[in-house]
Structure formats: structure tokens, C-alpha cells
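Participant: Sharing a structure here in C-alpha cells format.
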Amino acid sequence: MWFGQRARSADKRVLAGSMLLKVAGLSLIVGAGCSGEILANDPVVPGASADSPRASAADADREGGGAGAPNAGAMPPAPGLDEDDAPDPGAPVCDDSRIEVGATPLQRLSRVQYTHAVRDLLQVALDPDQLPEDEKHGVFDGNTVVPVTDLVVEQYIDAAEHAARLALPELETIVPCDRAALGELACAQQFIASFGRRAYRRPLQPEESARYEALFASFGGEQSSEGLRVVAQTMLQSPNFLYRVELEPVGAGTAGETVVPLDPYELATRLSFFLLSTTPDDELLAAAESGALISPDTLEPQIERLLEDPRLSDTLASFHLQWLELAGLEHLSKDQALFPAFSPELGAAMREETLRFVDHVVRAGDATFDSLLTAPYSFPQGPLLELYGLAADALPDDGQPVALDPQQRAGLLTQPAFLAAHAHYNQTSPVQRGKVVIRNVLCQQLPDPPPNVNAIPPDPAPDATTRERLIAHQDDPSCAGCHRRIDGIGFGFESFDALGAFRTREAGKPIDATGEIYGTERSDTTFDGAVELARELADSADAQRCFAQQWLRFALDRPDVDADRCSVDRLHREFAQSGRDIRGLLRAIALSDAFRSRRVAEVSTP
Amino acid sequence: MSARTLSLSLSRRAFLTGLGAAALGPYLPLLNASGQEPLFPRRLLLFFTPHGTITQAWKPTGSETDFKLGRLLAPLAPHQSKICVVSGVNMQDVGVGAPHTKGVPLLWTGSKLLDDGTFVREDGSGGPTYGWNSSASVDQVIAERLGSPTTFRSLEFGVRCAGSGPSNRMIYSAAKQPLQPATDPWAQYARLFTGGGEQVGAERLAALQLAREELKSISPKIASEDRSKVDAHVASLDRLEQRLRSKAMLCAGPSLSAKVNAGDIANTPAVVDAQIELITAAFACDLTRVASFQYAYGETDNHPYPFLGINEGHHTISHAPDSDAAAWEKIAKIRVWYAEKFARLLERLDSIPEGNGTLLDNCLVVWGTEVGVGNTHSFRSTPFVVAGGAGGAVPTGRYLEFGGNLDHNRLLVSMCHAMGLQDVETFGNVDGGTGPLPGLVRT
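Protein sequences, first through last, are from chains P and D.
Letter 8 of the first sequence, counting from 1, is numbered 8 in our numbering, and no numbers are missing.
In our numbering, each residue's number is its place in the second sequence (first place is 1) plus 1000.
The following block contains the structure:
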């Protein structure tokens, strides 16, 4: 067992595949004609006692959403983690016997999910840039609000036709079938059933199979493989492939419920897209079919299996590139005169280094948040080795990392990917670096500057450090409030230039990389340099909670709302108690109520 | 009836009947898609560039009909007789969202962002949450009302406007329904000018029919909030089917320059030029009568302009104080480049003869931006240029100064009038006044 907390609560949970489901001691009715403790239709704000007037979720939204409120619109900060922290008197208290979960809208696959799914379905590679652009929720890609347009539908048609054409030579081997013995028709039926099950992420209904059999008959007349191609490209245009369809419960018996467990195939879909960024494989679909995903005892081995799957790398890459806003590395541009070491290949090498590092920490290393933020090793290759001052053969061939000077480097935030992506063309940007840490790593809000302030950094000067040139904006009281927070963290990275190379002097003067974390709920402190800053962040309850929250957002593929706050609190608690085990966090999310159930919007008619 | 040939780089067009591809010959019949309408329909094109202007360098000097263009519009001088410079019109700075965010959808919708919490402002300013826009944009309303029998109801073109949020989307078919621009002209070329042939058409028809059946069976089983997404998907499939089945007239496309990577910033000028060719051809061939062109976007257009020797991000330098002459020189350089591209567009449209005039004479081209002035976020005196005569509806060669007393919603009303919808009295939901801008459109 990975979390003591979870182990204790798990035996209270008896998840049955049938009509009655008990989750954390609470009965949920999923079929008709049952009775029991049914969640009130009107969600109760946790903490309101049974006889006190109920505050609706909408009230909570309004309270949380007032202008100027901290974290307005998002979840309020968690109550204190440690027992000696006094709970915030205004914050709702979370009750583990009750499931609160935000609504999940109909989601369309993201570019990354689509590309990976097609790779696994047809063994072909598509260019994600040729697919429709994704919406964003927070820093993450996810299509939850905007409907498709004509152009988007046509981009999907082109992608599907292109993929099926690329796959044509291998199509008959994707679902092996003895054509000589069984005949083309039987083999086509087999293809439709097996490939369809993977593409739809559930077995096809008889009428669905019949439509595809008719399609095969129309287009596969002379050449069976042509028929299969049309079947495959049509399946990729199906809403059952393009959307992650989670149906509302059907029938009168569900009236009054607010939360229901997911159908096992829906859960398999969520699990696979979360942990592997792709469509479920046959084994996961078989587990859904057998009911193995319903009980935590049999769900866990599947989660364990997915965590061992090499495609976990895709999810780790996707999460970290978005979390730290590293997409810009693809078009990195630096002043060649000031940074002769810069080349367009350098950005790609930075990205590669960070992805290998993340992958190593989580998949091969101790998988701790501490290692992610403080490990004194990395995987620089190619042009990056020079930037680190390392020999060309410094990186061993055995997949092990290079040890770095622990006085200089500590984890993800001291890597060139982060440092160069959040720097200017010709100089560092303590403001950009500080801002990303405050918003993305600590989940703290930061107002924009007023419109009339000069956002252009002062030009590099031969006789003044970046810090000296920037500090002036703290003299203005209207700037100081935020810039004490932003620069306080951003100055900590001043030992690295705009490419991420370590430096001890700038403009002939020694670097001052002292700083402070300021204005947070429970992480305020001072530090000297990025190594100490990284240590402070790794130990920060705000950063740990934020990390759990960002992962939950990523896992659910939607923004979090007030109703998800207790899930974040629970994940944070478990994450902290587990020694900040990232694999444990992913496992805990996959096992969480928020992940395994969904809020009922309305009861559909049968 | 006479016949005409398309000149210059536009190849002659051919009729493609149904799903087949039977070319009828080198000449065009003097008919447009329906074969029953006025010969040269009016077309509407919205043109966007980001981050406002430098008012004093943008404003013309002189009188309504005898005026000299300012420095930033100087590249339009060869076309001065075919433009109206519209100055002193305000946008309404109301509702949620940061200025560059709400300004982009506000420009053509005259409407606010929804305050539905779709987006949380991580920066906490300007209202803690915001959503997509609350209403349709003027081009979509016009396209819907005109109901033209063209192959495409509208076409959206863009350059460097990647990303998807309200600051990246200016065109809306309805609340919460932004239309994404096509940003790669070489990819778009096939969609506009290359029919797939009979086999491809049959496969597409079969696939869309199957998808539609499935969408319809999913629809009643999902939350009503999500049903609009399914409905929109069905509507797109319906339009696509119509296009596949119609005896559409497809053009042989223009010859584009060699394909380049549209994502590489150094290629930006070539990508803009290729989009201009597609727009011109799409109008000349009557593939659509409503289009838009979006260059970059609002909130974070922090692209450098290396092809102009500018390596700082545009947004950053647009916030320079007025005293920073070096920064303003760079901004001016960017804005002059915008005007050069606008001039190129006008030149291309003007090069296609239509009747006694040109394609440009039958176009209503409107150039706008999402804020008035970059370094104050002022929505007052947002700059507009109107070009083309809209088939005689707009007398051109004029400089109209409204003195900061009227809202741009009335320009949107004028645009409806110019496109033949004279019954429109107000446009948008920000309460921007009633009636058209006085004097812009012939009454």
C-alpha cells in the first residue's frame, strides 16, 4: 500500500458492479428502484450542518468569485495541511464520506490525444499541427467549450483519410484474420468488431456494426483492403472516436442524484488518456468488460500496469511542457551577437533534456517531487553540453544522467528549458521566471500591470546588472506590491543567463541571486540562489498542493471548480504523506472519486 | 451575355459538376453560383491587425475629400480614391476580460464577453473570470441573412494567430461559437480549389452520414449544455453534404508561391501574401462572399518582427511610454508594414475586372484593431479604414472624422446597410447607439 490514508479508507469502499455502489461509506444509487442515502439534488457546501440553511454551490461560486478575492473564481486555498495549522474559518470543511465532483463537459480529443490514438490504432504518425487547434483550460490543452466548425470537421476528415491511406498496406494485419479459411466478409466483420472496439473505446452496438458492414460492402467490392480503409477512416470521423462520450444515466430511478460512478469503459478511457495520453489498449478494454475496473482491488493492478507502460512518457512530456509553459522552445530566438552559443537546434536540445530528466525521475528514479525540483543531475546532449561546460562525451551511454555541480543546479527550474523559455531575446527576465513560478508552480494569483507602465525591460548596460536595472520599479509603490513577489523569486534565477548558462558575474559585478518567497499563505521565506529556492519550493505546502491540483486538472482534462476542492485537498494530503511520491499521486488521482465518478447534469429520457 | 477571363495569376475557372470534374472550357459564363443573381455580388472582408495605432501618425490631415494620409497609412496612397479613413469612433470598454482579450471579439461583434467562468484569469485583473463572446460577429450575421448560394458561407483566414481563446478569435457564428481561421494557405488551397473526385466524394458522404446518425443518437443522452456542441457538429456535416452534392462551381486555384513552413516567423510575409491570393481568388470565383483575415491576435501577440529587424515582442513595445522614441519608431515600422500588406490586398482585388469596374469596387473591406492605443489600452478613437465601394453603396476617397463621439457599433450597422441589410438599426449588446455612422453609406 502506498498511502496509509488510502489503505484505511479503501476497506470502507465496496464498489460493486451492479446497481448499488458504496463509495467511502456512502451509498450511490445507479439503477432504478433502489433506495438509500441519496445525495441531495442541491449540492450542500461541505461544512454546512444538516439543520443549518443550505448554501448552494452557486452561492459558493459568488463568494469565491468576488473581484479582488484571492484565488477568485478558482478554488480557495486549502486549509492548513499540518494539524497545527488552524483551518481557515471561511473555508468549507471536506467530509470524506461525501463525494463532491465538478461537472465534466463533453470533451473532444486534443491534438496530442488524437495523434497518439491514431498511432496506436493504425501504427501511423500524423503531424499534430495539421489537426484543429486546442482550446486551453488554464495552462492545459483541452476541448471542453467550443463546438467544431466546418473547417475543424474538414481537418478531421483530412486527418482520417490521410491516416487510413498511410495504413493501407498494413491494414489487414492490424486485426489478424485467416482470410483463406474464413473469407473476406468474416474477416471484415472481425475487423469491424475489433478495430471498432478500440476506436470507440467500447464494443460496437449491433446497429453500429451493421452500418460498418454495409459500408464495407459498398466500398470493398473488389479489394477488401479498400473496404477496410473506408471503414477505418469513417470510424476516425465518428463522434464516438472524436469525443469522449460519457452518457447521462438513463431512467427514472436516478432522479435526485448528483454523482454517479463512470461506466467501466468510460473509466478505461479516462485512465488511458490520463496516464498514457492515448486510447485504451485491448487489455484495459478487457478489464472494463470483465468488471475488473470497478473494485479498487482489481483496478489497482491495471493502474500499476499503465504506470509501467512506456507511453507514460507521453503523459509526462505533455504535462511538464504545459505546466511550465515550455512550448516556446520550438521557436526560441536569442541575440546571436550576445549569445554566440545560440543556434536553433539549442531549443530542441533543451526540450529534449528536460523531457528525459522528467522521464528519468518519474519512471526510473525515486519519483519524488523533491527530485523533480532539486536533483543535481540531468541529461544534456549535443549543443547543450557546451552550455553546461561539459565535455562532449560527458553523457554516459547507459541511460544514466550526468552529475552536475550541486551548488549550481537543482532540478527542473534550473534547467535551460525553463530558464531560456522565460527570458528575453537579449537578457534574462526575472519577471517572466518569477511569474511562472508564482502562477504555475505555487498557484498564486498575480494581477497584470497597469496599461501605462513600461513593460520593456531596460536595455542591457555595460555597468549595471539586470537586477540593478530592474530594481527601480520597486521604488514605485504601485509596482512594488506585485514586484516584491515577482522579483523576489525571479532574482533567484539571476545566476543563469538568458540561455540558462551559469554565471557568477554580470556587467563586471558579482551576481546577487538572493531573494524571497513573499505573499504566500504558508511558504514565505528567504533564500540565496536558485538551488536554495528550489529546495524551498520542494518543501512548500503551497507548491505541493499546486502540483497535485495541476495534475488533477490535467487528469480530468477540464478546469477545476469549487466542487473539486475537497478532491485537491485529499490528494495534497496523501501526496505530502507519501513523501511526495509523484507516481503515488498519479495512482491516487486514478483511484479518486473525482476521477472515477461524474456529476449528473440531468436525467435523460430512456 | 458576354464572357470574361480571369486575368493575372488566377487561372481560369471551370465548372465541376456534382462530384465529377467536367471542365467546360476556358471561359466563364457571366453568372455566379446560382446563375440567377446580379452579376457581381457585393463581398465583405474584415481585416484585423493587433494593438491599436499611434493616433497622431495615423490620422490624415485635410478635409473630407481633400486629405493627405498620415505616415502609418502612406502605403495606401495609390488606393486613396478607393478608401474611406474612419477616425474618431470609439469602442465600448465594458464587461469582463482584459482589454486586449475583450477587444478582439468586441471589434466585429459589438458585444461583451460572457461572464460564465469558462476562463479564470490567472492574473486576477479585469474581473476574475471571463468567457467566450456573447454574440455573433457582423460578417456571420450578414452571411446568414444573405444566404448566398456560394460553396462556402464564409471563409476565415489568419496568419500567426495560433492558440484558442477570446483574444485569438474575432469571428463568432453565435455566442460561444468562435470560428477558427485557417492559418496555412497551402493546406487551405486543397479545400478551396481541389475537388477530391468522385470516389473521395462518395466516401466522404458515407462517413458524414454515419457520423450524423451517431451524433443524433448521442444527443438525447447527454447534458443539454453539451447538446449545442453536437448540434453544431451536425450543422457542419449538413453544410458539407450540401457542398458535396451541389453542382458546385470550383475554380482552378491561383498559383501560390512555393510552400513554406507557415509556423516559421521568418516566413510571415510570404504567408500573408499567399493568404491574400486565396482571398482574392475565393471572391473572384464566388466561392464565398464573406471572409475575414486575422493577423496575429490580442492579449499576447508578443511576436518579434525579425523580417523588419525588430526582435522585441510587438506587445511589449506597444506599451512603451510616449517618450520612448526608439520604441515608437519600431512600432511605426510594424504598422507601416501592416498598411503595405493592406495595400497589397487592395491592389490584388483591384486587379480583377468586374463589369465596368473591379472586384474591389464590389467589395466592402474594413480594417480594424482591438484597442485604440497600445500603451493606454484606450478604446477611444479606434482606427478604421474602409475600402472598396460595396457595389456603389459607399462613396470612397474620403476622410471621415467623428470626433470621438460615436461608438463603433454604428460602423457595424453601416456595414450591414452597405451589404444590403438596410433594416438593421443596432448591432451588438454593448449599447453602442442606434443607426449607421452618418454619411458613410449612401442612403
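Beta carbons are placed, not taken as given, at the ideal position from N, Cα and C, and that holds for glycine.
Fair warning: this is a prediction, and the values are worked out from it, not measured in the lab.
I'd like to check one pair, D/S1173 with D/Q1140: are the Cβ atoms closer than 8 Å?
Facilitator: It is a contact, given that the beta carbons lie within the stated cut-off.
Participant: Mind checking who D/N1133 pairs with in its DSSP beta bridge?
Facilitator: For D/N1133, which the question treats as bridged, DSSP gives the partners D/L1113.
Participant: Taking C-alpha atoms, which residue in P/F241, P/A188, P/P169 lies nearest to P/G227?
Facilitator: The shortest Cα separation from P/G227 among P/F241, P/A188, P/P169 belongs to P/A188.
Participant: What residue range is occupied by the uninterrupted beta strand (DSSP E) comprising P/P261?
Facilitator: First-last of the beta strand (DSSP E) with P/P261: 259-261.
Participant: Note down, in chain order, every chain D residue with its Cβ under 7 Å from the Cβ of P/F216.
Facilitator: Those within 7 Å of P/F216 in chain D number zero; the least Cβ separation is about 11 Å.
Participant: Please list the segments of the beta strand (DSSP E) lying wholly inside the segment 1164-1228 of chain D, counting only runs of 3 or more residues, in order along the chain.
Facilitator: Whole beta strand (DSSP E) segments, 3+ residues: 1172-1174.
Participant: For P/F547, collect the residues of the same chain with a Cβ closer than 7 Å to its Cβ; drop the 5 residues on either side in sequence, then sort them by chain order.
Facilitator: Excluding positions up to five away in sequence, the list reads F369.
Participant: Between the C-alpha atoms of D/L1114 and P/L275, what's the straight-line distance to the nearest angstrom?
Facilitator: Going from the Cα of D/L1114 to the Cα of P/L275 covers about 34 Å.
Participant: Output, in chain order, the set of chain D residues within a Cβ distance shorter than 8 Å of P/A594.
Facilitator: Those do not exist, as P/A594 stays about 18 Å from chain D at its closest Cβ, beyond 8 Å.
Participant: Please go through the segment 1305-1347 of chain D and give each complete alpha helix (DSSP H) segment of 4 or more residues, from N-terminal end onward.
Facilitator: For the segment 1305-1347 of chain D, whole alpha helix (DSSP H) runs of length 4 or above, ordered along the chain, are 1314-1318.
Participant: Have a look at D/I1310 and P/A337 and give me their C-alpha separation to the nearest angstrom.
Facilitator: Their backbone Cα atoms lie some 15 Å apart in a straight line.
Participant: Please classify D/S1318 as buried or exposed, where buried requires at least 16 other C-beta atoms within 10 Å of its C-beta.
Facilitator: The residue is buried, with at least 16 neighbouring Cβ atoms inside 10 Å.
Participant: If I'm right that P/C479 touches P/D542 with Cβ under 8 Å, what's the distance once you round it to whole angstroms?
Facilitator: About 23 Å separates the two Cβ atoms, so there is no contact after all.
Participant: Which ranges does the beta strand (DSSP E) cover as unbroken runs of at least 3 residues, wholly within the segment 472-522 of chain P, from first to last along the chain?
Facilitator: DSSP runs (the beta strand (DSSP E)) wholly in the segment 472-522 of chain P: 514-517.
Participant: Please list, in chain order, all residues of the same chain as D/C1152 whose beta carbon is under 6 Å from its beta carbon, the five residues on each side excluded.
Facilitator: Just to set this straight, residue 1152 of chain D is Phe in the shown sequence, not Cys. The residues are L1287, T1288.
Participant: Counting C-beta neighbours from all protein chains within 10 Å, is the total for D/H1314 16 or more, i.e. buried, or is it exposed?
Facilitator: D/H1314 should be labelled buried.
Participant: Kindly identify the DSSP beta-bridge partner or partners of P/E283.
Facilitator: Per DSSP, none; premise fails for P/E283.
Participant: Given that D/I1265 touches chain P, what residues does it touch there, using C-beta distances under 9 Å?
Facilitator: Within 9 Å Cβ-Cβ: H331, S333.
Participant: For D/Q1140, decide whether its Cβ has a neighbour in chain P, counting only Cβ atoms nearer than 8 Å.
Facilitator: No, its Cβ sits nowhere closer than 8 Å to a Cβ of chain P.
Participant: Counting only C-beta atoms, is D/D1123 closer than 8 Å to chain P at any point?
Facilitator: Annotation note: pLDDT 45 at D/D1123 (below 50); position unreliable, no value reported.
Participant: Comparing alpha-carbon positions, which option in P/P406, P/A349, P/D393, P/S343 lies nearest P/L373?
Facilitator: Measuring from the Cα of P/L373, the nearest candidate turns out to be P/P406.
Participant: What's the C-alpha gap between D/G1412 and D/G1196?
Facilitator: The sequence shown places Leu at residue 1412 of chain D, not Gly. If I take the Cα positions, the gap works out to 38 Å.
Participant: When burial is assigned at 16 or more other CB atoms within 10 Å of the CB, is D/Q1056 buried or exposed?
Facilitator: With fewer than 16 Cβ atoms within 10 Å of its Cβ, D/Q1056 is classed as exposed.
Participant: Is the segment 521-534 of chain P touching the segment 468-478 of chain P, taking contact as three or more C-beta pairs under 8 Å?
Facilitator: Counting Cβ pairs under 8 Å, fewer than three are found: no touch.
Participant: Taking 8 Å as the cut-off, decide whether the C-beta atoms of P/A160 and P/Q205 are in contact.
Facilitator: No. Outside cutoff.
Participant: Please classify P/S56 as buried or exposed, where buried requires at least 16 other C-beta atoms within 10 Å of its C-beta.
Facilitator: With a pLDDT of 32 at P/S56, under the threshold of 50, the modelled position of this residue cannot be trusted; read the value that follows with caution. Exposed, by the Cβ-count rule.
Participant: For P/G102, return the contacting residues in chain D, with the cut-off set at a CB-CB distance below 9 Å.
Facilitator: Neighbours of P/G102 on chain D: none; closest Cβ ~11 Å, over 9 Å.
Participant: Taking beta-carbon pairs under 9 Å, can you tell me which members of the segment 406-430 of chain P lie near chain D?
Facilitator: Going along the segment 406-430 of chain P in chain order, one finds H424, Y425, N426 with a Cβ nearer than 9 Å to chain D.
Participant: So D/L1044 and D/I1142 are supposed to be a Cβ contact under 8 Å. How far apart are they, rounded?
Facilitator: About 6 Å; that satisfies the 8 Å criterion.
Participant: Compare the C-alpha of D/G1052 against each of D/G1110, D/S1137, D/S1381 and name the closest.
Facilitator: The shortest Cα separation from D/G1052 among D/G1110, D/S1137, D/S1381 belongs to D/S1381.
Participant: Identify which residue in D/V1371, D/E1214, D/V1365 has its Cα closest to the Cα of D/V1234.
Facilitator: Residue D/E1214 is the option with its Cα nearest to D/V1234.
Participant: List the residues of chain P whose Cβ lies closer than 7 Å to the Cβ of D/V1272, in chain order.
Facilitator: Going along chain P, no residue has its Cβ under 7 Å from D/V1272, so there is no contact; the nearest lies around 18 Å.
Participant: Nearest-angstrom Cα distance between P/R545 and D/P1306?
Facilitator: Computed Cα separation, rounded: 41 Å.
Participant: Provide the residue span of the beta strand (DSSP E) that contains D/I1083, from first to last.
Facilitator: Residues 1083-1090.
Participant: Using alpha carbons as the reference points, say which of D/V1085, D/G1392, D/N1375 lies closest to D/G1355.
Facilitator: It is D/G1392 whose Cα lies nearest to the Cα of D/G1355.
Participant: For D/Y1295, which beta-bridge partners are listed by DSSP?
Facilitator: BP columns for D/Y1295 point to D/V1159.
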